[in-house]
Amino acid sequence: MGVSRAFVTGASGQDGSYLAERLLGDGVEVHALTLSGEVSEHLPPEVVIHHGDLCDVPATRALLTDLAPDEIYNLAALSSVAASWEDPDLSAAVNGAAAVALLESAWQVARARDKQVAFVQCSSAEIFGEPAESPQSEATPLRPVNPYGAAKAYAHLMTGVYRSRGLHASSLVLYNHESPRRSPRFVTRKITSTVAAIATGRAEELVLGNLDARRDFGWAPDVVDAMVRAARHHDGDDYVVATGTSHSVREFVAAAFSHAGVTNWERRVRVDPALLRPTDPTDLTGDATKARTQLGWAPTLAFPEIVKQMVDTDLELQS
Ligand code: GDP
11 MGVSRAFVTG
21 ASGQDGSYLA
31 ERLLGDGVEV
41 HALTLSGEVS
51 EHLPPEVVIH
61 HGDLCDVPAT
71 RALLTDLAPD
81 EIYNLAALSS
91 VAASWEDPDL
101 SAAVNGAAAV
111 ALLESAWQVA
121 RARDKQVAFV
131 QCSSAEIFGE
141 PAESPQSEAT
151 PLRPVNPYGA
161 AKAYAHLMTG
171 VYRSRGLHAS
181 SLVLYNHESP
191 RRSPRFVTRK
201 ITSTVAAIAT
211 GRAEELVLGN
221 LDARRDFGWA
231 PDVVDAMVRA
241 ARHHDGDDYV
251 VATGTSHSVR
261 EFVAAAFSHA
271 GVTNWERRVR
281 VDPALLRPTD
291 PTDLTGDATK
301 ARTQLGWAPT
311 LAFPEIVKQM
321 VDTDLELQS
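Heads up: take any position in the sequence shown, counting from 1, add 10, and you land on the numbering used here.
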């Protein structure tokens, strides 16, 4: 395979831990950039951790110049859409400008070492905003509706610019992807952890925002598999990574309560208008035909199984 060293930004999150496990399993030396003070509870001990801020461009560039990795995965992001409204300039800096600085660093390393550096940008379905069509593909127009999506759209476009310049750069348009390692800041884990608490008598109610939003909920380890396949494909490209089926937040709630064996759960759910977002895409569903055909990628876990695994883990954690 020839890949010896990978550099992963934002490695302390859900995807970083699965990606690190996957790369180590492939025999790759994994270097991770994490913010100092950030806890990386799922990151394997073999990972070489570098503390730093992606926005500190000179420091990150110096580190990359020194490491000269074969693969760079940019997972670092201010990942909360809701929080991007509170801090739109920070979202622009981390999700937009810092990704572009990293592309430039990759380009400089590739040139200086005269070798291929594969760059994988983790983009988001939020770049489509309230989408012009459903399901969305790589050809769907970008029209984000929140600061998070707009910053991600800039980094997505710049990945294409660097690809034209000769860098092996891919942008993966990721849809919501979940696992028991998901932070409870996201709706799925908030639901499964609260449902487990209700099922074990530790909580009374589940307070949510928009129950009608439909999302293409995938499995985080499957998404990580797409990242690695894109990095090792002969050319860089843009790929939608999705299951092709969307479910509403309400459907997720129903499936979680049902799996936990809680009946009459409707009275346990309360909508708090404060949790509604100024704009929230109605339905994000992706068409991953290109990833399936060009990368040989396919999701391995469907919606009911994802809900089940998350609820089971939360029940175990709380018992
Ligand atoms: P996102 O799609 O990356 O923003 O992932 P989230 O899991 O945060 O949100 C997914 C959907 O769930 C969005 O449409 C939210 O508006 C909706 N949602 C409904 N209630 C909640 C809640 O209490 N917390 C979060 N995070 N999202 C909620």
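Note that CB positions come from ideal geometry on N, CA and C, so glycine has one too. Nothing here was measured: the structure is a model prediction, and the numbers come from that model.
Residue i versus the options, residue with shortest Cα-Cα distance
{"i": "Ser101", "options": "Val58, Val110, Asp80, Ala161", "result": "Ala161"}
{"i": "Ser256", "options": "Pro283, Asp297, Trp307", "result": "Asp297"}
{"i": "Arg153", "options": "Thr289, Gln131, Arg239, Thr323", "result": "Thr289"}
{"i": "Pro54", "options": "His60, Cys65, His61, Val40", "result": "Val40"}
{"i": "Cys65", "options": "Val49, Asp80, Leu88", "result": "Leu88"}
{"i": "Leu327", "options": "Arg191, Ala265, Leu294, Pro309", "result": "Arg191"}
{"i": "Gly62", "options": "Ser27, Tyr28, Gly20, Tyr83", "result": "Gly20"}
{"i": "Ala92", "options": "Glu140, Asn156, Ala108", "result": "Asn156"}
{"i": "Ile316", "options": "Arg239, Ala142, Pro231", "result": "Pro231"}
{"i": "Asp293", "options": "Arg277, Ala308, Ala142, Thr210", "result": "Ala142"}
{"i": "His60", "options": "Thr299, Ala16, Ser134", "result": "Ala16"}
{"i": "Ala265", "options": "Arg287, Arg277, Val217, Val321", "result": "Val321"}
{"i": "Tyr185", "options": "Val58, Tyr28, Gly139, Ala109", "result": "Gly139"}
{"i": "Gly306", "options": "Asp324, Arg242, Arg287", "result": "Arg242"}
{"i": "Val250", "options": "Tyr164, Arg199, Gln146", "result": "Gln146"}
Inter-residue Cα distance where the pair is residue i and residue j
{"i": "Tyr172", "j": "Asp99", "result": "24 Å"}
{"i": "Ser14", "j": "Gln118", "result": "19 Å"}
{"i": "Gly246", "j": "Glu215", "result": "47 Å"}
{"i": "Gln24", "j": "Gln319", "result": "15 Å"}
{"i": "His244", "j": "Ala42", "result": "24 Å"}
{"i": "Gly170", "j": "Gly106", "result": "14 Å"}
{"i": "Asp248", "j": "Ala207", "result": "40 Å"}
{"i": "Ala179", "j": "Asp76", "result": "20 Å"}
{"i": "Thr204", "j": "Ala213", "result": "7 Å"}
{"i": "Gly47", "j": "Ala86", "result": "15 Å"}
{"i": "Val281", "j": "Ala72", "result": "48 Å"}
{"i": "Ser329", "j": "Gly271", "result": "15 Å"}
{"i": "Ile333", "j": "Ala120", "result": "Outside the modelled stretch of the chain, which goes from 11 to 329, sits residue 333, for which no answer is possible."}
{"i": "Leu34", "j": "Pro283", "result": "44 Å"}
{"i": "Asn274", "j": "Gly211", "result": "15 Å"}
{"i": "Val67", "j": "Phe196", "result": "29 Å"}
{"i": "Arg302", "j": "Ala312", "result": "16 Å"}
{"i": "Glu51", "j": "Ser22", "result": "8 Å"}
{"i": "Glu261", "j": "Gly37", "result": "40 Å"}
{"i": "Arg277", "j": "Arg32", "result": "42 Å"}
{"i": "Gly219", "j": "Ser27", "result": "29 Å"}
Residue i Cβ short of 8 Å to the ligand GDP heavy atom set
{"i": "Arg287", "result": "yes"}
{"i": "Gly219", "result": "yes"}
{"i": "Ala107", "result": "no"}
{"i": "Pro141", "result": "no"}
{"i": "Asp290", "result": "yes"}
{"i": "Glu136", "result": "yes"}
{"i": "Val91", "result": "yes"}
{"i": "Ala223", "result": "yes"}
{"i": "Val125", "result": "The amino acid at residue 125 is misidentified as Val; the sequence shows Lys. Outside the cutoff, so no."}
{"i": "Thr202", "result": "no"}
{"i": "Arg195", "result": "yes"}
{"i": "Asn186", "result": "yes"}
{"i": "Thr295", "result": "no"}
{"i": "Val259", "result": "yes"}
{"i": "Thr1", "result": "In the structure as shown, the chain starts at 11 and stops at 329, and residue 1 therefore has no counterpart that could be examined."}
Residues that DSSP places opposite residue i in a beta bridge
{"i": "Leu294", "result": "Arg225"}
{"i": "Ala179", "result": "Phe129"}
{"i": "Asn84", "result": "Thr19, Gln131"}
{"i": "Arg280", "result": "Val217"}
{"i": "Ala42", "result": "Val18, Ile59"}
Quiz prompt | beta strand (DSSP E) segments (min. 3 residues) lying fully within the region 207-270 | solution = Within the region 207-270, the complete beta strand (DSSP E) runs of at least 3 residues are 216-218, 248-251.
Quiz item: At which residue ranges does the region 107-154 contain complete beta strand (DSSP E) runs of 3 or more residues, listed in the order of the chain?
Solution: Annotation note: the region 107-154 contains the following uninterrupted beta strand (DSSP E) runs of length 3 or greater, listed N- to C-terminal: 128-134.
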